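Okay, so here's the structure we're looking at.
Numbering (the working numbering), first residue to last: -19 to 386.
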């Protein structure tokens, strides 16, 4: 039960890069991946900006039979998983399927596929609805399709906790490794950039309605007015730390050292939010003190109240300006279930290159956000331990501690 679980492979698709190294180099440059929506005409909607994965062509990256069966979110997930296997130098066909499992997160399922088939139903009748509608919209479809494609017959599951679910899924992968499993595919990818999905997000009231990509999503900024949605995320390969794995894997990126999850009470209850307690639980699980943490990757809601609550949680744990904090998702938008796994991938690359990526576009910090926020350009620093924070709509909180590979 104490076997360290380490990340040996990463597959990334993000609004600033269509692969791992492209994402990383663009992040260090502070490249903004937010721009006007192109997935559908958005002129009549009050919000029209998003972070879209550039140049993604599923027909060029996946077998032709899979494309009509799957939503864009599943296509992105399958490509990311394939890249994670390749990055770890693992051929799943060489392993016993019962020694491999899949644990992913999902916030919306296949929105675009579902909308298209419902339109067929309304316009033409039930005979025109694809048989693949039975699963292509479902939250667990990414887990299922990854499992089918790579022959994993071990534990599988999906966590539906919005951004927090991405860390919860990785924590479940860690538990499976500690119980003796050989390999887990984990993380999350989201894509909810269709009219139906957009209407649902607008109904939540959290989107920025600004039209300038450089001023729309400003976490911890005095002018923050909401977030910008994005698509993409990261799929990770997690294995037990062992001499055999170290000899085979091109790189061991780092260890999943600790995790904590809580649920915040209803606003107005008089009880405090649960994010600080989730972070404290993650540190205790990793057997670390706050002083051991070298950088915090923030949830970064981009709204005044939640930003202030997160800043207060960080300051109460580490002291005012007590630890470097970064929010590279300011370049991508919030990727929902893909956001926290992408933060994990970015943090692991920070260990590799000993540099903290920047938060972009943020100017004057809001009152109550007394943070050492890494702004505008990367900051070189000795990095051994990172804390990644994530919250989900409705009260979900999750925190994960990463430790650099020894």
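Note that beta-carbon positions come from the ideal geometry of N, C-alpha and C, so glycine has one too. A quick note: this is a predicted structure, and the numbers were derived from the prediction, not measured.
Counting only the Cα atoms, residue 106 lies some 49 Å from residue 381. Counting along the chain, no alpha helix (DSSP H) covers residue 372; the unbroken beta strand (DSSP E) around it starts and ends at 365 to 372.
Listed in chain order, the beta strand (DSSP E) runs fully inside the stretch 171 to 257 are 212 to 220, 234 to 243, counting runs of at least 3 residues. Residue 291 places its beta carbon 7 Å or farther from that of residue 187.
Counting other Cβ atoms within 10 Å of its Cβ, residue 323 reaches 16 or more and is therefore classed as buried. Around residue 348, the same chain offers 288, 291, 292 as residues with beta carbons nearer than 8 Å, after the five sequence neighbours per side are excluded.
Rounded to the nearest whole angstrom, the C-alpha separation of residue 311 and residue 190 is 15 Å. For residue 181 and residue 91, the gap between their C-alpha atoms comes out near 12 Å.
Going by beta carbons, residue 259 and residue 216 fall outside the 7 Å limit. Under the three-state reduction of DSSP output, residue 50 falls in the coil class, being neither helix nor strand. When 352, 385, -15, 125 are compared, the shortest CA-CA separation from residue 158 is found for -15. Looking at the DSSP output, residue 261 sits in no beta bridge, so it has no partner there.
Sequence-distant partners of residue 385 (beyond 5 residues in either direction) whose C-beta falls short of 6 Å from its own C-beta, in its chain, are 232, 234. Classified as buried, residue 55 has 16 or more neighbouring CB atoms from the shown chains inside 10 Å of its CB.
Residues of the same chain with a CB within less than 7 Å of the CB of residue 237, apart from the 5 flanking positions on each side, are 266, 381, 382, 383 in chain order.
Distance from the Cα of residue 253 is smallest, within the candidate group 285, 222, 145, 269, for 285.
Going by beta carbons, residue -7 and residue 212 fall inside the 7 Å limit. Apart from the 5 residues on each side of it in sequence, residue 112 sits with its Cβ closer than 6 Å to the Cβ of 49 in its chain, given in chain order. Look at residue 164 here: in three-state DSSP terms it is strand.
Between the stretch -3 to 17 and the stretch 324 to 331 there are three or more inter-stretch CB-CB distances shorter than 8 Å, so the stretches are counted as touching. The Cβ-Cβ distance between residue 218 and residue 136 does not fall below 7 Å. Of the candidates -10, 13, 94, 305, -10 places its Cα closest to the Cα of residue 69.
Note that the C-beta distance between residue 95 and residue 174 is below 7 Å. Residue 85 sits in a strand when the DSSP states are folded into three classes. A straight line joining the alpha-carbon of residue 133 with that of residue 71 spans about 15 Å.
Less than 7 Å separates the beta-carbon of residue 12 from that of residue 193. Annotation: the continuous beta strand (DSSP E) that includes residue 383 extends over 376 to 384.
Spanning the alpha carbons of residue 129 and residue 164 requires a straight line of approximately 14 Å.
Here the alpha carbons of residue 117 and residue 101 stand approximately 15 Å from one another.
Between residue 365 and residue 339, the CB-CB gap reaches or exceeds 7 Å.
For residue 121, the closest of 140, 24, 104 by C-alpha to C-alpha distance is 140.
Within the DSSP secondary-structure output, residue 304 pairs in a beta bridge with 352.
For residue 297, the uninterrupted alpha helix (DSSP H) run begins and ends at 284 to 298, by DSSP. Within the same chain, Cβ atoms closer than 7 Å to the Cβ of residue 279 are found at 143, 290, 369, 370, 371, the five residues on either side in sequence being excluded. Under DSSP, residue -15 shares a beta bridge with 220. The alpha-carbon of residue 109 is positioned some 29 Å away from that of residue 315.
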